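Here is the structure we will look at.
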Amino acid sequence: MNDLIGQIRKTSNKFVITLTDESLEWYLNRLVNDWSQGKVSVVIANSNMNDESFRYIFISFVKQLKKTQQEKLANTRDTLQKKEWSTSGSYPIISACFEGYIDIVCWLLDNAVDVNQCRKDGNTSVYMACYNGHKDIVSLLLKKNHYINVFNEIRVTPLFIACERGYTEIVEA
1 MNDLIGQIRK
11 TSNKFVITLT
21 DESLEWYLNR
31 LVNDWSQGKV
41 SVVIANSNMN
51 DESFRYIFIS
61 FVKQLKKTQQ
71 EKLANTRDTL
81 QKKEWSTSGS
91 YPIISACFEG
101 YIDIVCWLLD
111 NAVDVNQCRK
121 DGNTSVYMAC
131 YNGHKDIVSL
141 LLKKNHYINV
151 FNEIRVTPLF
161 IACERGYTEI
171 VEA
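Counting from 1, one number per residue, gives the positions in the sequence shown under UniProt numbering.
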């Protein structure tokens, strides 16, 4: 056991668990259940989502749900965050845009998501994509008629935040 722990520490700063097919299905069900209970930010920010192949497996799993279940999941508002926090009331598309998960964004857009959803602080999906420089996601959202001239509660627009953070390729597009 100590040898294994030593190897994990040498190879990575993250704790990795290898899942069997049986435990993978259980884990995916747990993620879907958490998401459906309003733990949207927890699921989207799950460290496994950083792995594109895991996201592919997750999206494939979710696509097996009935279309009505997929649409309900895609439009589930985050209820885990405290109401007084600015991140309160976030939607999956906002979290996925912040993280840069274009594959999840595409699945969400295929499931009746209003591209202009916003959090309690007024931040939208395009704002979050601009904030982290996710140009491909910004382009995708604009093709879906996302409002570009909206501002949040402190009157900052997506284009302003892209400029401020040095993402000129977004502004020039």
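Each residue gets a CB set at the ideal place from its N, CA and C atoms; glycine is no exception. These figures come from a predicted structure and were not determined experimentally.
Worksheet item: Helix, strand or coil: how does DSSP classify residue 168 here?
Response: helix
Worksheet item: In its own chain, which residues sit with a C-beta less than 6 Å from the C-beta of residue 31, not counting the 5 before and 5 after it?
Response: 43
Worksheet item: Just checking my contact of residue 128 with residue 151 at CB under 8 Å: how many whole Å lie between their CB atoms?
Response: About 14 Å; that fails the 8 Å criterion.
Practice prompt. Look up residue 20 in the DSSP assignment and say whether it is helix, strand or coil.
Written response: coil
Discussion item. To the nearest angstrom, how far is the alpha carbon of residue 116 from that of residue 125?
Written reply: 7 Å
Worksheet entry | Buried or exposed (CB count within 10 angstroms, at least 16 for buried), residue 55 | buried
Discussion item. Let me confirm a value: residue 111 is counted as buried when at least 16 other C-beta atoms fall within 10 Å, else exposed. Which label applies?
Written reply: buried
Worksheet item: DSSP on residue 68, reduced to helix/strand/coil?
Response: helix
Item to complete: To the nearest angstrom, report how far apart residue 96 and residue 22 are at their CA atoms.
Response: 27 Å
Worksheet item: Applying the criterion that 16 or more other CB atoms from any shown protein chain within 10 Å of the CB defines a buried residue, is residue 123 buried or exposed?
Response: buried
Worksheet entry | Residue closest to residue 45, alpha-carbon to alpha-carbon, out of 90, 147, 153 | 90
Item to complete: Determine the extent of the alpha helix (DSSP H) in which residue 130 is found, giving its start and end residues.
Response: 125-131
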